[in-house]
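For the sequence shown, the numbering used here gives the first residue as 440, with consecutive numbering after it. Comments concern the structure below.
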Amino acid sequence: MHPAPLRRRAREPPHREGFREFVDFFHLQDLVTSDYDEVLFYLPFDNFKRRATPATTEEYVTYREATLGFICRRTRRITEWLRDNHPDAEIGG
440 MHPAPLRRRA REPPHREGFR EFVDFFHLQD LVTSDYDEVL FYLPFDNFKR
490 RATPATTEEY VTYREATLGF ICRRTRRITE WLRDNHPDAE IGG
């Protein structure tokens, strides 16, 4: 994965108030660094100058595999959260 800092300019204070809570609430931890300072991208990040879609078959495979892994890990986190916080809830799957 390719990290990209959240801050746009060195002089700006980081705008993270509420960001950690947003990430945790939606179980998006795999898309940020462990300190929540950078967003992780599955393809090389160039400050949004390139197209958002994979440019090659290799990039597509990388993106696809990373996305499928993310979906599995996020689903696992959501399931664990449900079991811990709502033990009576019926969990499908």
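Note that beta-carbon positions come from the ideal geometry of N, C-alpha and C, so glycine has one too.
Here the alpha carbons of Phe465 and Tyr481 stand approximately 19 Å from one another.
Between Arg489 and Pro483, the gap from beta carbon to beta carbon is short of 9 Å. Within the same chain, and ignoring the five residues on either side of Thr495 in sequence, no residue has its Cβ closer than 8 Å to its Cβ. DSSP, read as helix, strand or coil, puts Leu479 in strand. Taking the Cα positions, Asp527 is about 17 Å away from Arg516.
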